[in-house]
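Enquirer: The sequence shown begins at 29 in our numbering and counts up one residue at a time.
Note that beta-carbon positions come from the ideal geometry of N, C-alpha and C, so glycine has one too.
Here the structure is a predicted model, which is why all the values come from computation and not from measurement.
Pasting in a structure now, in structure tokens, and then I'll have a few things to ask.
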Amino acid sequence: MRRRIVAAVAAVLVIALGATDARADRRPAAAPERPTTAVDRRPVPLDLRGVGLRAVRSGPDLTRPQVVATGLEVPWGLDFLPDGSALVAQRNQGTIVRIRPGRPARQVARIPDVVAGGEAGLLGLAVSPTYRRDRWVYACYTTATDIRIVRFRLRSDQAPQVLVSGIARATFHDGGRIGFGPDGMLYAGVGDAGVAARAQDLTSRNGKILRIRPDGRVPADNPFPGSPVYSYGHRNVQGLAWDRGGRLFATEFGQSTWDEVNRIVPGGNYGWPVVEGVAGDPRFRDPVVVWSPAQASPSGAAFTRGTLYVAALRGTRLWAIPVDTAGNVGVPVAELVGTYGRLRTVAVAPDGALWVTTSNREPRGVPPAADDDRVLRFPPTHRQPSA
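Below you can see the structure in the form of structure tokens.
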């Protein structure tokens, strides 16, 4: 009960203190990812000091960036091979490059039927948790007609094996983030593809988080028998991350008032398009953090050392959100504000370093630097968290 009260207090504080930002930033109902026109340096209006959570001071050292790769074009999906090198998907080119510190990027795969445009293209990547044995790499992307999830092997002449197909695609709101959970299942965030009503329709896979087995079959313990749908009522999920207790958190683009971080439960209904942000309606699950769009437009997410890191596009910053062992959310802290422009993806490497991709080579309002787009590495530290 106390945890529910804490989460509710957090959400109410955000709404009460952040309403001015929201009113100042209304956008059309069909707005895609938001262009960046100015950097809002105000902190998120959230203060939970009364519940004892603080911004974590351990984790990656954000003062010591290392540029791992430059000259990429909208690096979207990113995951690591067992040797610590990373695979990066270039959204508009449909190519996958392999990168590691001190070496040039090298193309290792191309998905032949990727059709890009707007927010569509080659999106999420995930390396099999048993890669040493099976060599599978997974991808989510848009074709000319649908959204697909496939798996393939690097340096193979065989066509990718299609696991999921026929999901409605659009120029905007395709979602696309995929990742393996601690249960070994593959999760995928899928947007509503511009038709909001799909999010509440359990016969549609749009506006959902999906959960499938590594071979594409539906797990027997999914909340809706025979269906890959794990949760619903989503607008555009682009970040998936699991905390140390195995709880799934997801970032989500709102429409015109609130962007969200949600704690995902099997079968949960997260309200879109009936509500945006905190509803206080027992039919829906409220977010644990909300921001005004100028502060966020949240995309990739990753957990390390009890902190959820969220990459913000329009917000041009990295959010650090402490989460305790019970799943309670603390005070979000804005890092790297305006330093690198739009941030798309964040991932934790096998050595504990935090890798972040920029997303400036797209027409969204931030002029790209000469070496954009970049992949940045922030090394781990060994400092202790504050009390």
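For F252, count the other beta carbons within 10 Å of its own beta carbon; 16 or more makes it buried, fewer makes it exposed. Which is it?
Expert: Exposed, because fewer than 16 other Cβ atoms sit within 10 Å of the Cβ of F252.
Enquirer: So the beta strand (DSSP E) Y260 belongs to, where does it begin and stop?
Expert: It spans V257 to Y260 - the beta strand (DSSP E) in which Y260 sits, taken as one unbroken run.
Enquirer: Mind checking V190: buried by the 16 CB within 10 Å criterion, or exposed?
Expert: Its Cβ having fewer than 16 others within 10 Å, V190 is exposed.
Enquirer: Kindly identify the DSSP beta-bridge partner or partners of W164.
Expert: In the DSSP output, where bridge partners are listed per residue, W164 has none listed.
Enquirer: Which residues bound the beta strand (DSSP E) around V218?
Expert: Here the beta strand (DSSP E) through V218 covers L214 to V218.
Enquirer: In or out: A114 buried (at least 16 other Cβ within 10 Å) or exposed?
Expert: Buried, by the Cβ-count rule.
Enquirer: Is the segment 297 to 316 touching the segment 365 to 381, taking contact as three or more C-beta pairs under 8 Å?
Expert: In short, these stretches do not touch, since the Cβ pair count stays below three.
Enquirer: Identify the residues that DSSP records as bridge partners of P350: which are they?
Expert: Paired residues: T335.
Enquirer: Can you have a look at R372 and say buried or exposed, based on whether 16 or more other CB atoms are within 10 angstroms of its CB?
Expert: By the neighbour-count rule (16 or more Cβ atoms within 10 Å), R372 is buried.
Enquirer: Name the one or two DSSP bridge partners that A340 has.
Expert: DSSP, once it has assigned bridges, lists P326 and R345 as partnering A340.
Enquirer: Between A248, E280 and Y298, which lies nearest to G261 when the distance is taken from Cα to Cα?
Expert: Nearest of A248, E280 and Y298 to G261, Cα basis: Y298.
Enquirer: Going by C-alpha distance, which of V357, Q283, D271 and P315 is nearest P301?
Expert: Of the listed residues, the one whose Cα sits closest to P301 is Q283.
Enquirer: Can you give me the C-alpha to C-alpha distance between P132 and A97, rounded to a whole angstrom?
Expert: Taking the straight line joining both Cα atoms gives about 7 Å.
Enquirer: If you follow the beta strand (DSSP E) that A172 is part of, which residue opens it and which one closes it?
Expert: Premise fails: A172 is in no beta strand (DSSP E) and is neither H nor E.
Enquirer: Rounded to whole angstroms, what's the CA-CA distance from A117 to I124? Just pull it up for me.
Expert: Each residue's alpha carbon lies about 5 Å from the other.
Enquirer: Taking Cβ positions, are A144 and I206 nearer each other than 7 Å?
Expert: Contact: no.
Enquirer: Would D202 be called buried (16 or more neighbouring beta carbons within 10 Å of its own) or exposed?
Expert: By the 10 Å Cβ count, D202 comes out buried.
Enquirer: From what residue to what residue does the beta strand (DSSP E) around N290 run?
Expert: D287 to I292 is the extent of the beta strand (DSSP E) around N290.
Enquirer: Apart from the five residues just before and just after F312, which ones in its own chain have a Cβ nearer than 8 Å to its Cβ?
Expert: Excluding positions up to five away in sequence, the list reads G261, N297, Y298, G299, V302 and V303.
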